[in-house]
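J.: The opening residue of the sequence shown carries number 218 in this note's numbering; numbering runs sequentially from there.
Every residue gets a Cβ at the ideal spot worked out from N, C-alpha and C, and that includes glycine.
These numbers come from a predicted model, not from an experiment.
Encoded as structure tokens, here's the structure I'll be asking about.
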Amino acid sequence: CADGIHTATNEACCALFPIMDDTQANLVDGEECGEDVHESLRLTFHDVIVSSFTEGGGGADGSIIIFSDIETNFHANIGIDEIVEEQRPFIAPHNITPGDLYDI
Numbered sequence: 218c219a220d221g222i223h224t225a226t227n228e229a230c231c232a233l234f235p236i237m238d239d240t241q242a243n244l245v246d247g248e249e250c251g252e253d254v255h256e257s258l259r260l261t262f263h264d265v266i267v268s269s270f271t272e273g274g275g276g277a278d279g280s281i282i283i284f285s286d287i288e289t290n291f292h293a294n295i296g297i298d299e300i301v302e303e304q305r306p307f308i309a310p311h312n313i314t315p316g317d318l319y320d321i
């Protein structure tokens, strides 16, 4: 990659390293598998598990972050609001969607 730090088989992937570095340093406490990592996995799971094969949509689309005022109030999502607010600031500066953040 042009930064001289990271390498990737596909050069297009180099654009993802800044968000990975940012989230590891500022969201999930480096390499420690702590509470923010646990809550991030829970958020991703809850966003992915709700999908509709008959009505289309769903999956890892970031809808819990996009519609957090509604979706964090569903019984199964109680407590997810904190990690939603912690992750939200990482989206705009890196020009990604909430669904992209889950995949990274």
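I'd like the list of long-range same chain contacts for Val254, defined as Cβ closer than 7 Å, with 5 residues on each side in sequence excluded.
T.: Once the five neighbours on either side are set aside, the close Cβ partners of Val254 are Val245.
J.: Under a Cβ-count criterion, where at least 16 other Cβ atoms within 10 Å of its own Cβ denotes burial, should Asn294 be classed as buried or exposed?
T.: Asn294 is buried by the Cβ-count criterion.
J.: With a CB to CB cut of under 7 Å and the five nearest residues on each side skipped, what residues in its chain are close to Arg325?
T.: The requested residue 325 is not part of the displayed model; the chain covers only 218 to 321.
J.: Pick helix, strand or coil for Phe284, following the three-state DSSP scheme.
T.: Looking at Phe284 - three-state DSSP - the assignment turns out to be coil, as it is neither helix nor strand.
J.: Closer than 7 Å by C-beta to Arg305: which residues in its own chain qualify, once you throw out the five before and the five after it? Chain order, please.
T.: Ile282, listed in sequence order.
J.: Classify Thr261 as buried or exposed, calling it buried when 16 or more other Cβ atoms lie within 10 Å of its own Cβ.
T.: When all chains shown are included, Thr261 counts as buried.
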